[in-house]
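According to the numbering used here, the residues represented by the sequence shown are 15 to 443, in order.
Below is one structure, written out as structure tokens; comments come after it.
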Amino acid sequence: MKIARLRNKGELELKNEIIEYPSELAGNRNLFTGLYTGHANHPNYNINNWTGAVVKIKPNTTYTVKRWSDSNRFQVMTGNLDNGIYAKMTGTPQVVGDYNENHVDVSLTITSREDDEYLVAYLSNQGHFEDILLKVEEGNKATQYTPSPEELGLDYPDFIKKFNQKIHPEGIFLTPEIIEFPDADSFGIRAFGDMTMVSELIEDCSFKEWFWLDFVPYDESTSSSSKVRVNSQIIPYDCTLHMSLVGNQQHECYWYINGKSLRARKMITGGGEWTDNQSISISAGDELYIEVSTTLTTTTIEDTLILRLDDENGIKVAEFDFVLEPTCYLTTAMVGYFNKADDGIELTAMRELRSHSGYKYQDVLEEYAQISPIIIRGIEQSEDRDYYYNMIKDVVDNIVIWGANEEWEKAETAYLDLYYYLKERFEVV
15 MKIARLRNKG ELELKNEIIE YPSELAGNRN LFTGLYTGHA NHPNYNINNW
65 TGAVVKIKPN TTYTVKRWSD SNRFQVMTGN LDNGIYAKMT GTPQVVGDYN
115 ENHVDVSLTI TSREDDEYLV AYLSNQGHFE DILLKVEEGN KATQYTPSPE
165 ELGLDYPDFI KKFNQKIHPE GIFLTPEIIE FPDADSFGIR AFGDMTMVSE
215 LIEDCSFKEW FWLDFVPYDE STSSSSKVRV NSQIIPYDCT LHMSLVGNQQ
265 HECYWYINGK SLRARKMITG GGEWTDNQSI SISAGDELYI EVSTTLTTTT
315 IEDTLILRLD DENGIKVAEF DFVLEPTCYL TTAMVGYFNK ADDGIELTAM
365 RELRSHSGYK YQDVLEEYAQ ISPIIIRGIE QSEDRDYYYN MIKDVVDNIV
415 IWGANEEWEK AETAYLDLYY YLKERFEVV
């Protein structure tokens, strides 16, 4: 049995070994989590009011049940129960204890048979006892009563379930003795608050330590693209990371591992498409950061990027929100005004022009990135919006032709003349 203690000082690293034996489990753990008064039919005797509890057990195992409260009845049985709500044991139960004697601070020992699945303890609540202490544990010796974590009412995370056994007029609700985790090989837990919690985990499970990559996004936009990257994080152990997005908008995603980039997602018309690098293998000690960017948007992009271990269903180890502001350049605004495609011939021609000639105009490009949004705002507030956007469109249409003919100087001159005219027209200093 692997035991894990969740401490109040943070995360616990789980390995393929027993971390420690918590004191709550010394001498075996109390398998009952609480008692409830109710009405039901005793399997062998017809009574109207009694108190009891039930727990799932292992076959061919000795259990000791001890009680500390005064009662005139105490009996323990092992056997089988029907599915659903249980009022009686099926078949012939194995019975230990005297139903008619007074019992105070006594224990009963019983060994389950090959086919026995449940242990049921019956106590009379005659006299309306409100404080009945009952403990069941493996072995033939009763140990000192210590409340189990469940009895203390600790608030477990969703993946650790509490027992919830109750007696109702129709019978007994049963819950499993132990929690089975469907994917115990990739299992992470985090402590919270000031509680110390204990969980029992199924045998022969192997674990990977839990970690969280604390990414913080910040803007790194340039004159040619809107870009967000996050701070670097060191990977704690060899693993596979899988990237996903909440939305599907028009931007690219890159892994940067020790400074080397891998494109995880590329832009396509109307959205994006994952590459073979959506999942990557990464080693302990590697330095990782992520970058998202776009050059094709005329509207603000807001999305959330998520990293998980192994695949899309794995444990989440990173998540951050990001915003890509629109690249408010003259051609981009014109394309948006005329409802043209972000990846159409106009913007494609302008990117080709920038790629071919941009190195000659670095200072102008830096100024252009600052001034263009101001010009666009002036156009939007003008009564002659259509006039100015058609002016930009006429110039860009010519650049499409000149670019196709590799007449780069004509294209450069025409766009510079357009920019300087609009800068002066809208009195941008």
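All C-beta atoms in this analysis are idealised placements derived from N, C-alpha and C, irrespective of residue type, glycine included.
Every value quoted in this text rests on a predicted model; they were computed, and no experiment measured them.
Rounded to whole angstroms, the separation of the alpha carbons of A135 and F88 is 7 Å. Scanning its chain for C-beta atoms nearer than 8 Å, with the 5 sequence neighbours on each side dropped, one finds around F352 the residues Y403, K407, in chain order. A straight line joining the alpha-carbon of I320 with that of K330 spans about 7 Å.
Burial check for Y343: the Cβ neighbour count within 10 Å reaches 16 or more, so the residue is buried. A Cβ-Cβ separation of about 6 Å places D233 in contact with V242 under the 8 Å criterion. DSSP places V260 in the coil class of the three-state scheme, outside both helix and strand. In the structure shown, E360 adopts helical secondary structure according to DSSP, grouped into three states. For T78, the pairing in a beta bridge is given by DSSP as T123, E151. Scanning L255, K80, L122 for the CA closest to the CA of G328 turns up L255. From the listed residues Q376, Y268, D300, K149, the smallest Cα separation to S121 is found for K149. According to DSSP, residue pairing for E305 in a beta bridge involves R243, Y268. When the beta-carbon positions are compared, V260 and D325 stay at least 8 Å from each other. It is roughly 34 Å from the alpha-carbon of T314 to the alpha-carbon of E421. In this structure, DSSP gives L436 a helical state, which the three-state scheme calls helix. The C-beta distance from D252 to S293 rounds to 14 Å, too long to meet the 8 Å contact threshold. Per DSSP, the beta-bridge partners of P231 are V244. The three-state reading of DSSP puts Y136 in strand, counting E and B together. When the alpha-carbon of V409 is set against those of T76, V69, E360, the nearest one is in E360.
Comparing C-alpha distances from P73 to each of D129, T123, I282, V109 shows the shortest one belongs to D129. According to the DSSP assignment, K374 belongs to no beta strand (DSSP E), since it is labelled neither H nor E. A156 and T78 do touch by the CB rule: their CB atoms are close to 5 Å apart, below 8 Å. Rounded to the nearest whole angstrom, the CA to CA distance from D411 to L323 is 48 Å. The beta carbons of M281 and T308 sit closer together than 8 Å. Beta-bridge pairing by DSSP links F225 to no other residue.
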